[in-house]
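K.L.:
Protein chains in written order, with this note's numbering: chain A, 1 to 378; chain B, 1001 to 1378; chain C, 2001 to 2271; chain D, 3001 to 3271; chain E, 4001 to 4069; chain F, 5001 to 5069; chain G, 6001 to 6191; chain H, 7001 to 7191.
Backbone N, C-alpha and C define an ideal beta-carbon position, used for all residues, glycine too.
This structure is a prediction, so every number in the text was calculated from the model and none was measured.
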Ligand SMILES: Cc1ncc(C[n+]2csc(CCOP(=O)(O)OP(=O)(O)O)c2C)c(N)n1
Ligand SMILES: Cc1ncc(C[n+]2csc(CCOP(=O)(O)OP(=O)(O)O)c2C)c(N)n1
Ligand code: SF4
Ligand code: SF4
Ligand code: SF4
Ligand code: SF4
């Protein structure tokens, strides 16, 4: 077991988690601060018989990943802000055709080229809404290197389970951080593989929902089931249709197949919620500072609770409402000008003051900044 | 004056509005249902000595538009969902370097290829959050062909005034609709041009804010002021800096230069708000159905008010709060699975029920659907 | 040839306009597959967006209708993930040469085993007739109402320069030759590019004084010139001509084969 | 030549590593501008993202540091909006050949009056050493830890095929020749492409047994072969060689000039 | 000995583009009033298959008829 | 009559890459302990300007000195 | 005229969209009424059935889509099948004689429009203008000369005479429309 | 050891980032302590000053950034100028002898690290390992052999002997460190 205690970098942990989950394909285009992910995959995939390809740009990378996924491989890409913007169109396509894949975005300060080597959490809303049209999103935010490993593993599993793109939203701080990690033994990790069809190939309908889980099986190309796939609205056979009953059925299912499992998708940590009249909510690298602020506040005798979100989309409305409804001050700590705080505002009653501890200048938010938003800190 | 009463198509009206505002450059890539905008520009620009170019894709179009803007021309591009996703990276760049330009997005049903010829309002949140990193957004939604003309004109003016990309967010219904328009006389239209520097070229700093309006002047290339521009965080001289005080100053100003003028930016219509205990909020083509629903409800004797938003970003928080605070039912009508309703929920008190009248199957939302969400309709 | 084996017959007739050349090119591809004797289960046809890109929907293989301009990127992922598959890309002059130009040349460079067939109707059909990067100079299109001033690509030259193993251009008029190019292309390991001049009577023809599909076929016939003959002509004489024939025929090593060797050597030569 | 006239001297020294070739290429461009006698006010230098793309920041003109891969698109807008401007694009083998390849070939095709200088250091410098589409086969890079298996582009062949009016390749080692290519390029109406082989000792050199900038220059010297001599060699013999010289020299009509004619004719010939 | 053919037109697939008629060396095909092709002169078909090759809608089949003489 | 030159090195710009030294035909340039170049043998400069041409950091200037003999 | 919804349908390429636009433009230019016009788009509109819709009203037109047409023209079977469903119970229906229709209550006219156009004008190309004139005459939306003005501005040069004749034919058909009327369900039952 | 913050700084290319990683790895492998390691990135890190930072703690390390180092190594003037500011008042500072420093209160050592490395080992390439060994010996983070084990795994093949010597030199410097101590402000004032 000690073999799984290591010094590891966040980006490297993402790769390890993905490999342990069975990823055999990576396509990407280098960009700071995510490039180590590509570099690690380039070194490690051939060793396990997997394939790494550096494509001509991020769009092509996203396309190749979806292609590889349909060919039956678990597939990943990684990028950062500018590349994440470019991938959006095909992320929407992956959503629509239900192609399992994982997109890692190691956030740096934007907009535009911004500050390529500085931490930020400015792509939080983009991760939810970046592609055109209505669509669901499943987005995970690690706050430690161990988390990076675990959530990367989880992201791959969920992508396969729900036939959907999953976004692993890191930030430069976690991506570049090296720290001591303690990983579960490999034989303790449960790998999920996409569902396969059972019936005769002749009667196979690629989007026919026979199971209650609302998720159609996905056979690999060359595996004996021939089928058609399109980014147009399509019916159960996979062929285009613009009949309103078909289009609404598809769009509803795309959302419901995730909504249905919401409860199991919400990953989070809580600290001292019960004996608290104030609440800090945070995620990603900011959660590290939030934890420090919480510790200091507690040491000062303040009744503060801490909610660290790891699943940020779908937004865990009930969990936040539950944690916050009896508080008289909520501080949302994030490295942007206020993004997830909007969701907190949406779900909380107006009478509870909600304050943002925000920072978007390329520097990791400090515990002091968060403390300053609490009440009773001198 | 009768010369300005015409039958006009929504897409055509966008072109007319832009031309009347002084646009002399268009770069785009065809896509349904926006292509008529390109086609009209292609026919009309050469007549006024302007330039039309069909680029190799939407990314290049967006780049060319920003380039032309820096060369001193008022510039426009138009697209629809998939192209809008592709333009996001450079929209962020335009934000960052403060390049005036107008992006028209004629929405169709997404995600992905979706329903290319069907109406939708699925890109509402994307228009706000589609590019990576924190950034402001100025987004206008016409609900008639006359509106398309007026808001297109306004979008160009505001782009120039605030040195920012402005998004004109149409939908297929309005883009393709032909209707009777009554346009103001040309001599009644006030054109805004970007601010020019006055000092000596030698001392010119392209991002130096000497005026209270927070908006730096923008001389054209070749106009005697040489300067440097970058999408990296930069100081007043235009050169990169990662000093936190510089980066936060820039990002704050980018937001404040618009926030400061919020009040003048909020365009909307209201109907019967005072004598109402219920409220319908809508925008774009949905507002047409909302208007019909409101009319019918009034005819039935219901006390319903109607708020039609034309500026949707920045979100007119106070106006919505003001219109809604004394109502006991708010219906938000939009052609998506619930996008702008999130903002309404955010600003309203929890005790007021907020209902979505939503439709995302490619069909224009009907007055009946909206009526059904009102209380007391049979 | 048995229609049912290769076509989704229940989806026919296809949506293409009367006289559209795309149907002929699609059949040419299917004949090529038939001649190769490939197991339909192992064939994957990938397309972008456009009239031409609707073809895979009618073809009874693993078919993927992707987004505009990127089918080669998807195909690259498919081929690399499973090199056993025969991966065919169907694209248009908009899809493949405008928005998708970069993916095309990079796939040529890598020489990855994908067979691209570009349906070149010299116009954007699906979006109702804007000019494309392969529209002849002077042509009328909805976005070139005064005649197109952009010179078109010679994409056969370009793909050859970029490193494709096989490059050819045929026309719907000279259908048997087109069949033979496609067959040769499919027979190559490595990347192949076949350009099929197709006719769009609806949007190209009507605006350019060729009202019927027949006039367009006539135009193909009159303007085509064999590459061997073209070599003796200068660029002025070749202006507006369709050069047909085989532009490149090489046997450079295919990309996924290289990758497999790399894996072997990294894994220490074990088979 | 007066430094202050063309450089923002207060921004120097530049951020490039010791021995990086980019400084030499930047100077070559400035010398070209000087030789043309262009008014610096009328010169606009546009770049993408990369080490090379940092150059405009040091150059005392209208300078625009855009996003990765798209400088030619921005430049197209600038040139078309104001054809009086001399528009120079500085790009890298990542910026210009990987993500930006499509814009490059389309600009060649349009033959728009932009002068592209591509700093080819055969690696992604800015992001710390991943392989690029111009990295030689077998080279070590952070993303090709077992040696690069992708064949590189010959971008001079490609831009020539795509229609550029002028195409040449020089090296930092053969600096005076590079100067002369850039000067010729600047003298052309229409699109020009000059590729300058530059050295990245930090990320290419160190990993590929050339620890010092000097070894890299030595490599340039040894591997370069003049295009005239290259014509007598076959592709096997040319593998890994740097072919230098002028690849294309044409005088096809420039795009914005065509556009101006179109405007005149639409406006009914009034001047 | 010249072959003989029996031409069959799948009406639901035919779009009336008239390409087949033009390429038919015997000119035996023609457009009907409803915009579909018909075989005007079935006897003269020589089973050359030009129409099959040329029809972009796969709407024509030609069967070779035994030539019994 | 051979020219003579006076070499001036702008230390703050020099990065010590040694390219100039290699291209100097007279080999009069050398690296100092602090990683900057210095002119070790100023007398022998023939003002060939190779170092100026070659320095990627524009850190060298050479002035042609009047040759008075 | 309160809100009046018109649907002109037929095969793609028959020019009914142009007819809808011409009608709308005539309304804008020569009346004080409001008008909106919409149409079918997309590849579907290319081969198969296609429609143009116009709403004319004395009042503001809020909801811009035709849901229950007051008037339906269907020139082909496919168009009829696709678009007849929502016609108002007592709405007017005009179909080409070759269209098989179900019996209904409202006024229904089966007119050999295509045949007569072909016979009298030697081409079917202008069946759209014939239909347009028929509609206009029937409803007297604008005066004949006004409609002619707009038509002549919008049609391709060189086809003016042909289109004038088409206008005349359409009006003639309108005037004799009753001869094409078929019995309604009720009338039949009464017998 | 409660939270202890270490900053190793110098010129890009001197290998201090590797030193930081080696130190952290040694902590993970041979102690029960928590450790995090960060470093400067970007083009800035290329030519100019560069730093590696390590935090070692018996407890969970939440906030992962070094804000007030307990220990600062600065091998170059530029690094010193850029990174000395936040050093804790009584934190330990070790600088190369060629660095000009301001007077301060805490323990300060001016050591000819680079010169001695060059003299004794014939190259400056291993100045990072010398510094690492100096730090480790001073704080006794891990045993000498353990550190050697990690170093030898991480350095390029063929440089093992050189690095062993570098380790020895570093330890030797640590043992004699007092001879390089300079008087603090207070001590000076006391005089
Ligand atoms: C990102 C994006 N941009 C634009 C479009 C619109 N679009 C669809 S098909 C097409 C052009 C099709 O032309 P081509 O590939 O030549 O095919 P054709 O229809 O002529 O066969 C365009 C521009 C789109 N769907 N997506
Ligand atoms: C959209 C996007 N993708 C990726 C990057 C990251 N990136 C910055 S520069 C670069 C490559 C630079 O290589 P090159 O153009 O050859 O320039 P060099 O640094 O070698 O001079 C990359 C991949 C980015 N900034 N934006
Ligand atoms: S529009 Fe043109 S390309 Fe498309 S189906 Fe019709 S004829 Fe073919
Ligand atoms: S990394 Fe390479 S290309 Fe970039 S500045 Fe250093 S040597 Fe030059
Ligand atoms: S087989 Fe030949 S002869 Fe017979 S109908 Fe077809 S084309 Fe004409
Ligand atoms: S070439 Fe320039 S930078 Fe290099 S050592 Fe010589 S003077 Fe210094």
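Is any non-hydrogen atom of ligand 1 found closer than 7 Å to the C-beta of residue 2068(C), if you look at the structure I gave you?
P.N.:
yes
K.L.:
Name the residue from 1065(B), 1033(B), 1252(B) whose alpha carbon lies nearest to the alpha carbon of residue 1165(B).
P.N.:
Among 1065(B), 1033(B), 1252(B), the Cα nearest to that of residue 1165(B) belongs to 1065(B).
K.L.:
What I want to know is whether the C-beta of residue 2126(C) ends up closer than 7 Å to one or more non-hydrogen atoms of ligand 1.
P.N.:
yes
K.L.:
What is the rounded straight-line gap between the Cα of residue 3103(D) and the Cα of residue 347(A)?
P.N.:
46 Å
K.L.:
Could you tell me which of 323(A), 178(A), 50(A) sits nearest to residue 275(A), measuring between CA atoms?
P.N.:
323(A)
K.L.:
Just to confirm the assignment: which complete alpha helix (DSSP H) runs, minimum length 4, are found wholly within the region 1217-1283 of chain B?
P.N.:
1244-1259, 1262-1265
K.L.:
So which residues of chain B does residue 3082(D) contact, with C-beta pairs closer than 8 Å?
P.N.:
1071, 1072, 1073, 1220, 1221, 1222
K.L.:
Chain A partners of residue 2102(C), CB-CB under 8 Å?
P.N.:
56, 57, 60
K.L.:
Excluding five sequence neighbours on each side, which residues of the same chain lie with their C-beta closer than 6 Å to the C-beta of residue 3271(D)?
P.N.:
Residue confidence for residue 3271(D) is low, a pLDDT of 47 falling below 50, so the modelled location carries little weight; the figure read from the coordinates is stated next. So no residue of the chain qualifies.
K.L.:
Give me the chain K residues within the contact set of residue 3020(D), using Cβ-Cβ distance strictly less than 7 Å, ordered along the chain.
P.N.:
The structure shown contains no chain K; the protein chains it does contain are A, B, C, D, E, F, G and H.
K.L.:
Evaluate residue 3059(D) with the Cβ neighbour count: other Cβ atoms within 10 Å of its Cβ, from every protein chain shown; 16 or more gives buried, anything less gives exposed.
P.N.:
buried
K.L.:
Counting only the same chain and skipping the five closest in sequence on each side, list residues whose C-beta sits under 7 Å from that of residue 271(A).
P.N.:
294, 305, 306
K.L.:
Our contact map puts residue 3246(D) next to residue 3028(D) with C-beta atoms below 8 Å; I'd like the distance itself, whole angstroms only.
P.N.:
15 Å between Cβ atoms; not a contact.
K.L.:
According to a CB-to-CB cut-off of less than 7 Å, which residues of the region 7016-7045 of chain H neighbour chain A?
P.N.:
7021, 7024, 7025, 7028, 7034, 7035, 7036, 7037, 7038, 7041, 7042
K.L.:
Please determine whether the Cβ atom of residue 1113(B) lies at a distance below 7 Å from any heavy atom of ligand 1.
P.N.:
yes
K.L.:
Starting from the beta carbon of residue 3214(D), find every residue of chain F whose beta carbon is closer than 7 Å, and list them in chain order.
P.N.:
5018, 5019, 5022
K.L.:
Tell me the DSSP bridge mates of residue 1313(B)?
P.N.:
1139(B)
K.L.:
Ignoring anything shorter than 3 residues or poking outside the region 6018-6054 of chain G, list the beta strand (DSSP E) runs there in chain order.
P.N.:
Entirely contained in the region 6018-6054 of chain G, the beta strand (DSSP E) runs reaching 3 residues are, in chain order, 6034-6039.
K.L.:
Identify every residue that forms a DSSP beta bridge with residue 1356(B).
P.N.:
Within the DSSP bridge table, the entry for residue 1356(B) names 1332(B) as partners.
K.L.:
Taking just the CA atoms, how far does residue 1027(B) sit from residue 230(A)?
P.N.:
29 Å
K.L.:
For ligand 5, any of its heavy atoms closer than 7 Å to the Cβ of residue 4007(E)?
P.N.:
yes
K.L.:
Note the first and the last residue of the continuous alpha helix (DSSP H) segment covering residue 2012(C).
P.N.:
Element bounds for residue 2012(C): n/a, residue is neither H nor E.
K.L.:
Excluding the five sequence neighbours on either side, which residues of its own chain have a C-beta within less than 6 Å of the C-beta of residue 1110(B), listed in chain order?
P.N.:
1081, 1122
K.L.:
Give me, in chain order, the residues of the same chain whose beta-carbon lies closer than 6 Å to that of residue 36(A); leave out the 5 immediate sequence neighbours on both sides.
P.N.:
11
K.L.:
Cα separation between residue 1227(B) and residue 3084(D)?
P.N.:
18 Å
K.L.:
For the candidate residues 6006(G), 6164(G), 6115(G), whose alpha-carbon lies nearest to that of residue 6086(G)?
P.N.:
6006(G)
K.L.:
Using 8 Å as the threshold, is the C-beta distance between residue 2024(C) and residue 2172(C) below it?
P.N.:
yes
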